[in-house]
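What follows is a single structure, written as structure tokens, with notes after it.
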Amino acid sequence: MSVGSESSVEPKAERKAILKLIMLGDGGVGKTTMINRFISGSYIPSQMTIGTGFAIKNIMLEGITITLSIWDFAGEERFRFLVPRFSEGSNGCILAFDSTRPSTFFHLEEWLELLRKNTDDIPIVLVGTKCDIAYFDNELVKEFVEKHKLVGYIASSAKDDLRINEIFELMARVMWTKLTEKSAQMRLHT
Ligand SMILES: Nc1nc2c(ncn2[C@@H]2O[C@H](COP(=O)(O)OP(=O)(O)OP(=O)(O)O)[C@@H](O)[C@H]2O)c(=O)[nH]1
Ligand SMILES: [Mg+2]
Numbered sequence: 036m037s038v039g040s041e042s043s044v045e046p047k048a049e050r051k052a053i054l055k056l057i058m059l060g061d062g063g064v065g066k067t068t069m070i071n072r073f074i075s076g077s078y079i080p081s082q083m084t085i086g087t088g089f090a091i092k093n094i095m096l097e098g099i100t101i102t103l104s105i106w107d108f109a110g111e112e113r114f115r116f117l118v119p120r121f122s123e124g125s126n127g128c129i130l131a132f133d134s135t136r137p138s139t140f141f142h143l144e145e146w147l148e149l150l151r152k153n154t155d156d157i158p159i160v161l162v163g164t165k166c167d168i169a170y171f172d173n174e175l176v177k178e179f180v181e182k183h184k185l186v187g188y189i190a191s192s193a194k195d196d197l198r199i200n201e202i203f204e205l206m207a208r209v210m211w212t213k214l215t216e217k218s219a220q221m222r223l224h225t
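Start counting at 1 in the sequence shown, then tack on 35, and there's your number in the working numbering.
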């Protein structure tokens, strides 16, 4: 190869995308702890979230650097008003309940209603937390996933580091696929 051809090689531009992922579910189900495990790899006992929290992490997907911007909504009722305002423009949602407290599963319909009023038809994965203590996987879960056309169900534990990375990687993949399909459709219609 000649010197001339070497110097004409342009550096390959890095391909990047930012995806907004929101976390919803009752207070104390373990949303913040799940994010902490994903970001830092550690189990960090957390305080109740006041309002919202925010975290980012880069992951590689098909040669593209995806920046996941993760919005961690407080589960307490008094902070619910923040969801419509700050969920705008989200690409996907992790909907979490606590496997040790069935009431948190039965509140999921309310979370979904709030979410769907304020976002496009975004992909949602259902996550059962704390499966180091209790395992919650039954017909009700299956029906819920089918009825609401969710991406699926993952039983997890931030404490024992069970399936935490899998949850975020699955969502990154699904959100990215949805976004690229949407832009391909838009190009077809112009
Ligand atoms: N055993 C066990 N406990 C967990 C797990 N994940 C979280 N916890 C505990 O559950 C409690 C609540 O966790 P958080 O992450 O603060 O819950 P949250 O959903 O963010 O709560 P809000 O901020 O109030 O909405 C904490 O005491 C955690 O240590 C887990 O996988 N296993
Ligand atoms: Mg929290």
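Glycine included, each C-beta is placed from N, C-alpha and C at the ideal position.
Within 10 angstroms of its Cβ, does residue i collect 16 or more other Cβ (buried), or is it exposed?
i    : result
N173 : exposed
S125 : buried
N93  : exposed
M83  : exposed
R72  : buried
F254 : Residue coverage of the chain in this structure runs from 36 to 225, which leaves residue 254 outside it and unanswerable.
A219 : exposed
L54  : buried
D155 : exposed
V209 : buried
V206 : Position check: residue 206 holds Met in this sequence, whereas Val was assumed. Buried is the call here.
Skipping 5 residues on each side, what residues in its chain have a beta carbon closer than 8 Å to that of residue i?
i    : result
M69  : M58, I129, A131, V162, T164, S191, A193, I199 and I202
V180 : L161, G187 and Y188
A169 : S134 and T135
I91  : T102, L103, S104 and I105
L214 : A52, L54 and N126
R50  : G98, I99 and T100
Below 8 Å, is the gap between the Cβ of residue i and the nearest heavy atom of ligand 2?
i    : result
S75  : no
D133 : no
A190 : no
A169 : no
By Cβ distance, which residues of its chain are closer than 6 Å to residue i, with the 5 residues on each side in sequence left out?
i    : result
F171 : S134 and G163
E111 : G62
L197 : S191
V64  : A131, F132, D133, T139 and T164
For residue i, verify whether its CB is less than 8 Å away from any heavy atom of ligand 1.
i    : result
F121 : no
S138 : no
M83  : yes
P80  : yes
CB-CB under 7 Å to residue i, same chain, minus the five flanking residues each way: which ones, in chain order?
i   : result
E41 : Only weak support exists for where E41 lies, its pLDDT of 48 falling under 50; the coordinates are left without a value.
L96 : A207, R208 and W211
Check whether the region 95-102 and the region 141-156 touch, using three or more Cβ-Cβ pairs below 8 Å as the test. Too few Cβ pairs lie closer than 8 Å, so no.
Which runs of the alpha helix (DSSP H), 4 residues or longer, sit entirely within the region 127-190? Listed in chain order, they are 137-141, 143-153 and 174-182.
Please go through the region 99-129 and give each complete beta strand (DSSP E) segment of 3 or more residues, from N-terminal end onward. Listed in chain order, the complete beta strand (DSSP E) runs (minimum 3 residues) inside the region 99-129 are 99-108.
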